[in-house]
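A.B. asks: One structure is given below, represented as structure tokens, and several questions about it will come after.
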Amino acid sequence: MVLSGVDVVGVLEVLRLWVGDERFGGSRLVVVTRGAVSVGGEGVEDVGGGAVWGLVRSAQSEHPGRFVLVDVGVDEGVVVGGVGGVVPDVVGLGESEVAVRGGRVWVPRLVGVSGGGVGGGGVVAGVGGGVALVTGGTGLLGGLVARHLVSVYGVGEVVLVSRRGWGAPGVGGLVGELEGLGARVRVVACDVGDRGAVAELVGSIEGLGVVVHAAGVVDDGVVGSLDGGRLVGVLGPKALGAWYLHEVTCGLDLSAFVLFSSAAGVLGNAGQGSYAAANGFLDALAAHRRARGLPGVSIAWGFWEERS
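Numbering (the UniProt record's numbering), first residue to last: 1 to 308.
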């Protein structure tokens, strides 16, 4: 069976049906997207398709051998199913995910990379002057990155954004610490899953130069236990929030646009389908931005030492 051209909530419903119906016990479901992954540094056209990949990767971890991911190029006239289509060929490879470009089949493999980490100035080395906006800024991770921006990169003004703003626990201490490091600090309550609120927020910041999106929620569960409401609840602050920030800052001269993603989106952690979907979206958005000459990096964090 081949599934293509549907939204991530629709994909979830089909995945749930597939794992819950004994009739499909010996079959594989092929999920096909177009332009949802980057091959050889190309851009991502279907950013929403990145969420589909994250979700299905999680389903693959929970149900090995039951799902195959296939991405074809946006402009390629690829025949997906049927006789002579690409699906029978790629399924025969035995790979869990492939991309097809120009008649060639690409498969993911781990390779070594060079460069420093965050502390060494690697992935966010482009941080320059201007005000830094940090979503999820009053939480544990947001507080860590705010301190890092001020103490390592010398950012002089920080806007900490969260749903509760000054009502978040520990915010007073964080602000005092940042001010003690010489930074000016502003705390704003804002739902980044609301486009109008994000536009108003960005419009209120004069000299915005850095965006760090660390907002997010977790609602874990195996694919069979999830539903559209739970999935959207996780996608809202993390994926939609990132998209709205992307939209409303496109015309600004940012030096950095950093997204706090997770290894869950790359590896498809079992029991984290919604979270993997949201982070797959972030990874796709970063590639989408870079292809358009905009700053964009998505950091696929693993476990943090601090509990959050």
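The beta-carbon is built from N, C-alpha and C at its ideal position, and this holds for glycine as well.
1. Classify residue 283 as buried or exposed, calling it buried when 16 or more other Cβ atoms lie within 10 Å of its own Cβ.
2. CB-CB under 7 angstroms to residue 287, same chain, minus the five flanking residues each way: which ones, in chain order?
3. Report buried or exposed for residue 8, applying the criterion of at least 16 other Cβ atoms within 10 angstroms of its Cβ.
4. By the DSSP assignment, the beta strand (DSSP E) with residue 306 in it spans what residues?
5. What are the boundary residues of the beta strand (DSSP E) that includes residue 165?
6. Can you list, in chain order, the residues of its chain whose CB lies under 6 angstroms from that of residue 142, leaving out five sequence neighbours each side?
7. Secondary structure at residue 83, three-state DSSP: helix, strand or coil?
8. Identify, in the order they occur along the chain, each residue of the same chain with its Cβ nearer than 8 angstroms to the Cβ of residue 222, setting aside the five sequence neighbours on each side.
9. Buried or exposed: residue 190, going by 16 or more other Cβ atoms within 10 Å of its Cβ?
10. Report yes if the C-beta distance between residue 280 and residue 50 is below 7 angstroms; otherwise report no.
11. What are the partner residues of residue 310, as DSSP defines its beta bridges?
12. Out of 241, 201 and 217, state which residue places its alpha-carbon closest to the alpha-carbon of residue 230.
13. If you draw a straight line from the C-alpha of residue 13 to the C-alpha of residue 88, how long is it?
14. How is the alpha helix (DSSP H) around residue 196 delimited, first residue to last?
C.D. replies: Looking at the atomic coordinates:
1. buried
2. 38, 43 and 44
3. buried
4. Careful: residue 306 lies outside any beta strand (DSSP E) and carries neither H nor E.
5. Neither: residue 165 is in no beta strand (DSSP E) and is coded neither H nor E.
6. 134, 136 and 214
7. With a pLDDT of 48 at residue 83, under the threshold of 50, the modelled position of this residue cannot be trusted; read the value that follows with caution. It is coil, neither helix nor strand.
8. 62, 270, 271 and 273
9. buried
10. yes
11. No information on residue 310 is available, as it lies outside the stretch 1 to 308 that the chain covers here.
12. 217
13. 24 angstroms
14. 195 to 203
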